[in-house]
Amino acid sequence: MHGNSKRGQERKRCGSGCRVAAAESKTMFPLDIRRALALVFAGAFVCIAMLHPSRALAVGTSEYAGADMFETAAAEARAAYPGGSASAIIVGPGDAWVDALSAAGLAASRGPILFTDRGSLPQATAKALSDLKVRSVVVVGGTAAVSDAVVSQLSSRGIALERRLGGDDCYGTQMEVYGFGLEKGLWDGSTAIVATGGHFGDALSASPVAYARKAPVFLVEPGADLRGPQKRALLEGAERGGFSRVLAVGGPAAVSDLAYGFLELVAAVSSPGGACERAAGADQYATSAAVARWAVGNGVLSWDGAAFASGALPYDALAGSVLQGATGSVMLLVGNASSSTINLVVEQRGSISSIRYFGGTSAISSGIRSYIERSMEFGRVLPMGATRLSDGSYLWCNSGGVDRQDAIDRAMRIARSCLGIPYVWLGKYPEDGGMDCASFTWHVYTRNLGMDIGFETYDQINAGYRVRSINDAKPGDLILMYFGGWPNYNPLLPEHVVLYAGNGMIYEEPDFGMSCQYVPLSSKGFGRMEVRRIVSD
């Protein structure tokens with residue numbers, strides 16, 4: 002159909018737009034078939050629906066946030082210790098979080114966790130220390146994380162250094178933390194927590210448990226065995242009657258089966274009734290949910306007052322875990338609306354009257370908050386649908402918490418702004434000179450609205466969910482078009498995608514030598530069409 006014979010020798014990748022570039026050859030590579038079949042089960046957007054309007058809770062929300070990690074930690078510290086704290090734990094910035102993963106149990110006796118720059122004490126932290134009337138600190142990490150200059154600044158403010166706890170690596174620092182707690186009699190002794198030091202999510206999710214139980218956190222290398230000093234410490238504790246309950250956080254890739262077998266031995270040595278359990282999920286969010294279930298099921302924490310923290314960065318959750326431990330509530334990591342932790346709190350909404358957010362909207366977006374709050378107030382998450390309000394009306398939303406009509410209005414505005422932008426095969430951005438058909442719809446939904454529909458047409462055939470008939474199409478729907486059967490075209494894969502605008506009109510990036518246009522759907526003349534609804538209906 003197009004006059005480029007060189008491109009006609011290849012099957013154009015579907016997601017970038019239209020059909021093959023030349024009439025001479027329209028044969029599809031087998032790889033495209035395999036990719037298409039592999040994507041058949043792509044997920045759909047989710048919405049929420051109310052089951053029992055009379056039982057809906059007016060969920061209270063609170064936010065602990067500041068302009069940066071220092072201010073956020075200060076806000077969390079004040080909430081955790083409204084009456085002040087004689088001591089605090091100081092942690093450095095950047096990758097120093099890895100040292101602090103083992104500090105949550107220590108915080109139960111040594112106060113809030115606050116952050117500092119490596120070379121100087123931030124004003125927000127200094128003010129928090131003053132407000133809380135802190136007189137001594139424990140510094141977690143060596144001088145590369147928290148310099149002696151910071152310790153001197155603390156001293157000039159009348160705040161003494163009780164101890165610096167630092168090792169050659171995070172595992173050495175963890176053992177320093179454990180030894181200090183043992184020396185000072187700070188551990189309850191009944192519980193030990195083991196999590197990977199390879200990433201922060203698992204240990205953070207367990208941090209409120211560590212605080213509430215005054216339990217040491219032992220860090221293990223991902224998928225590896227515990228180190229010799231760690232094994233000796235755990236066995237010695239078990240022989241004293243401690244560690245009758247051991248919680249391994251994460252699957253075998255985090256806490257290996259070899260390490261888990263040793264932990265079972267520790268629990269057995271401690272007590273005939275000792276127990277070792279694993280709380281794990283498919284990702285850090287599912288693991289976070291599993292830890293919360295374990296904590297509530299074992300009477301350590303409660304659902305009420307559940308806090309959400311970003312799973313992308315550790316700082317807000319690290320400092321916030323102290324507040325959750327002090328108030329006896331779970332902390333859940335969240336990434337997007339499909340995170341397992343959101344589904345979990347919705348299941349438990351009857352036990353929750355308030356929730357917390359750690360960090361501002363740059364950490365947990367307003368869309369995710371909206372989705373959480375609507376889910377908490379109005380009902381359980383369903384594969385598709387809408388929220389039925391108590392007055393009988395419906396609130397349309399997608400899995401990012403975006404109102405349906407608002408999303409469609411925005412999609413139409415974005416599409417209109419693209420009119421006249423040239424069709425460019427494999428083009429991606431308007432500012433790069435042009436787009437093809439699928440990158441146009443990707444630009445509207447994924448780039449601008451944050452709804453991941455995939456970049457190629459063989460992704461977009463699985464975006465959202467299928468609408469029964471072209472007659473049921475609504476503004477904002479994608480319409481995927483098929484030319485015909487093999488051998489000219491694969492009948493399983495679409496050759497073109499457009500954005501339906503309503504009233505029989507579409508927006509599209511049409512073809513070579515043309516530009517983004519607003520035209521009647523009837524002008525396309527395609528034999529078969531499939532409609533996909535992106536914003537759930």
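Position one of the sequence shown corresponds to residue 2 (this note's numbering), numbered consecutively onward.
Cβ atoms here follow ideal geometry from the backbone N, Cα and C, with glycine treated the same way.
Treat the numbers as computed from the prediction; the structure is a model and nothing was measured.
Provide the residue span of the alpha helix (DSSP H) that contains Tyr212, from first to last.
If you number the sequence shown from 1, residue 212 lands on position 211. That run of the alpha helix (DSSP H) goes Gly202 to Arg214.
CB-CB length for Arg549 against Pro83, believed under 8 Å
Since the first residue shown for the chain is 2 and the last is 538, residue 549 is missing from the structure and cannot be characterised.
Distance, Asp453 Cα to Val520 Cα
For this step, residue 520 is matched to residue 519 along the sequence shown. For this step, residue 453 is matched to residue 452 along the sequence shown. Taking the straight line from one Cα to the other gives about 26 Å.
Trp443 by DSSP, collapsed to three states: which one?
The residue given as residue 443 occupies position 442 in the sequence shown. Trp443 falls in the helix class under three-state DSSP.
For the segment 271-312, which segments carrying the alpha helix (DSSP H) assignment without a break, of at least 4 residues, lie completely within its bounds, in sequence order?
285-298
Check whether Ala249 and Tyr261 have beta carbons under 8 Å apart:
Looking up residue 249 in the sequence shown gives position 248. Looking up residue 261 in the sequence shown gives position 260. Closer than 8 Å, so yes.
What runs of the beta strand (DSSP E), each 3 residues or longer, lie entirely inside the segment 340-368?
355-359
Where in the segment 68-128 do unbroken runs of the beta strand (DSSP E), each at least 3 residues long, occur, reported from the N-terminal end onward?
88-92 and 114-116
Cross-strand partners of Ser137 (DSSP beta bridge)
As a first step, residue 137 must be located in the sequence shown, where it is residue number 136. For Ser137, which the question treats as bridged, DSSP gives the partners Ser88 and Ala161.
Proximity winner among Gly368, Ala439 and Cys438, relative to Asp407 (alpha-carbon distances):
The residue given as residue 407 occupies position 406 in the sequence shown. Checked all of Gly368, Ala439 and Cys438; the closest Cα to Asp407 is Gly368.
Looking at the structure shown, is Phe42 part of a helix, part of a strand, or coil, going by DSSP?
Walking along the sequence shown from the start, residue 42 turns up at place 41. The predicted position of Phe42 is uncertain, since its pLDDT is 30 and thus under 50; no value can be drawn from it.
Continuous alpha helix (DSSP H) assignments of at least 4 residues falling wholly in the segment 217-254
229-240
Determine the contact status of Gly229 and Gly182, defining contact as a CB-CB distance below 8 Å.
Taking the first residue of the sequence shown as 1, we reach residue 229 at position 228. Taking the first residue of the sequence shown as 1, we reach residue 182 at position 181. No; because the gap between Cβ atoms is not below 8 Å, this pair is not in contact.
Straight-line gap, Thr117 to Asp258 (C-alpha atoms, nearest Å)
Position 116 of the sequence shown, counted from the first residue, corresponds to residue 117. Position 257 of the sequence shown, counted from the first residue, corresponds to residue 258. So the two alpha carbons sit approximately 37 Å from each other.
Kindly indicate which three-state DSSP category Ile415 falls into: helix, strand or coil?
Here residue 415 refers to the residue found at position 414 of the sequence shown. Three-state result, Ile415: helix.
Note down, in chain order, each residue of its chain lying with its Cβ closer than 6 Å to the Cβ of Glu531, except the 5 sequence neighbours on either side.
Mapped onto the sequence shown, residue 531 falls at position 530. Contacts found: Leu481.
Going by the DSSP bridge assignment, what does Val1 pair with across the sheet?
This structure does not reach residue 1, given that the chain is present from 2 up to 538, and the question cannot be answered.
To the nearest angstrom, how far is it from the Cα of Ala68 to the Cα of Leu334?
The residue labelled residue 68 in the question sits at position 67 within the sequence shown. The residue labelled residue 334 in the question sits at position 333 within the sequence shown. Rounded to whole angstroms, Ala68 to Leu334 spans 20 Å at the Cα level.
Output the distance between the C-alpha atoms of Leu494 and Pro476, rounded to the nearest integer angstrom.
The sequence position of residue 494 within the sequence shown is 493, counting from 1. The sequence position of residue 476 within the sequence shown is 475, counting from 1. Leu494 and Pro476: Cα-Cα distance of roughly 23 Å.
When Met377, Ser330 and Gln325 are compared against Glu348, the one with the closest alpha-carbon:
Indexing the sequence shown from 1 puts residue 348 at position 347. Ranking the options by Cα distance to Glu348, first place goes to Met377.
Does DSSP put Tyr519 in a helix, in a strand, or in coil?
Here residue 519 is taken as the residue at index 518 of the sequence shown, counted from 1. Residue state, collapsed to three classes: strand.
Can the beta-carbon of Ala307 be found closer than 8 Å to that of Val346?
Translated into the one-based positions of the sequence shown, residue 307 becomes position 306. Translated into the one-based positions of the sequence shown, residue 346 becomes position 345. In this structure, Val346 lies closer than 8 Å to Ala307 by Cβ.
Suppose you measure from the CA of Phe263 to the CA of Thr144; what does that come to, to the nearest Å?
Along the sequence shown, one-based indexing puts residue 263 at 262. Along the sequence shown, one-based indexing puts residue 144 at 143. Roughly 34 Å between the two C-alpha positions.
Exposure label - Leu450; buried when at least 16 CB within 10 Å:
As a first step, residue 450 is located in the sequence shown; it is residue number 449 there, counting from the start. Buried: at least 16 other Cβ atoms inside 10 Å.
For Ala1, which residues in the same chain have their Cβ closer than 7 Å to its Cβ, ignoring the five residues on either side in sequence?
Only positions 2 to 538 of the chain appear in the structure, and residue 1 is not among them; the question remains open.
Between the alpha carbons of Ser400 and Ser352, how many angstroms are there, rounded?
Here residue 400 refers to the residue found at position 399 of the sequence shown. Here residue 352 refers to the residue found at position 351 of the sequence shown. Residue placement at Ser400 is poorly supported in this model, since its pLDDT is 47, which falls under 50; the coordinates are not used for a value here.
Alpha carbon to alpha carbon, how far is Ala74 from Leu220?
Within the sequence shown, numbered from 1, the residue matching residue 74 stands at position 73. Within the sequence shown, numbered from 1, the residue matching residue 220 stands at position 219. In a straight line, the C-alpha of Ala74 is about 23 Å away from that of Leu220.
State the DSSP-derived secondary structure class of Glu509, mapped to helix, strand or coil.
Here residue 509 refers to the residue found at position 508 of the sequence shown. Glu509 falls in the strand class under three-state DSSP.
Where does Ser322 fall in DSSP's three states?
Taking the first residue of the sequence shown as 1, we reach residue 322 at position 321. Ser322: helix per DSSP, three-state reduction.
The alpha helix (DSSP H) with Glu177 in it runs from where to where?
Here residue 177 refers to the residue found at position 176 when the sequence shown is read from its first residue. Cys171 to Lys185 is the span of the alpha helix (DSSP H), which, as asked, contains Glu177.
Use the C-beta contact count for Glu509: other C-beta atoms within 10 angstroms, 16 or more gives buried, fewer gives exposed.
Residue numbering aside, residue 509 sits at position 508 when the sequence shown is read from its first letter. Buried, by the Cβ-count rule.
Do you know offhand how far Ala108's Cα is from Ala364's?
Here residue 108 refers to the residue found at position 107 when the sequence shown is read from its first residue. Here residue 364 refers to the residue found at position 363 when the sequence shown is read from its first residue. Taking the straight line joining both Cα atoms gives about 24 Å.
Do Ala239 and Val270 have their beta-carbon atoms positioned less than 8 Å apart in this structure?
Position 269 of the sequence shown, counted from the start, is the residue given in the question as residue 270. Position 238 of the sequence shown, counted from the start, is the residue given in the question as residue 239. Yes, the pair counts as a contact, with Cβ atoms nearer than the cut-off.
What is the rounded straight-line gap between the Cα of Ala310 and the Cα of Gln124?
Here the question's residue 310 lines up with position 309 in the sequence shown. Here the question's residue 124 lines up with position 123 in the sequence shown. Their Cα atoms are separated by approximately 24 Å.
Could you check the C-alpha separation between Arg533 and Val425 for me, to the nearest Å?
Your numbering for residue 533 matches position 532 in the sequence shown. Your numbering for residue 425 matches position 424 in the sequence shown. Cα-Cα distance, rounded: 24 Å.
Whole-angstrom distance between Gln231 and Cys171, CA atom to CA atom
For the purposes of this step, residue 171 is taken as residue 170 along the sequence shown, with counting starting at 1. For the purposes of this step, residue 231 is taken as residue 230 along the sequence shown, with counting starting at 1. Roughly 13 Å separates the two Cα atoms.
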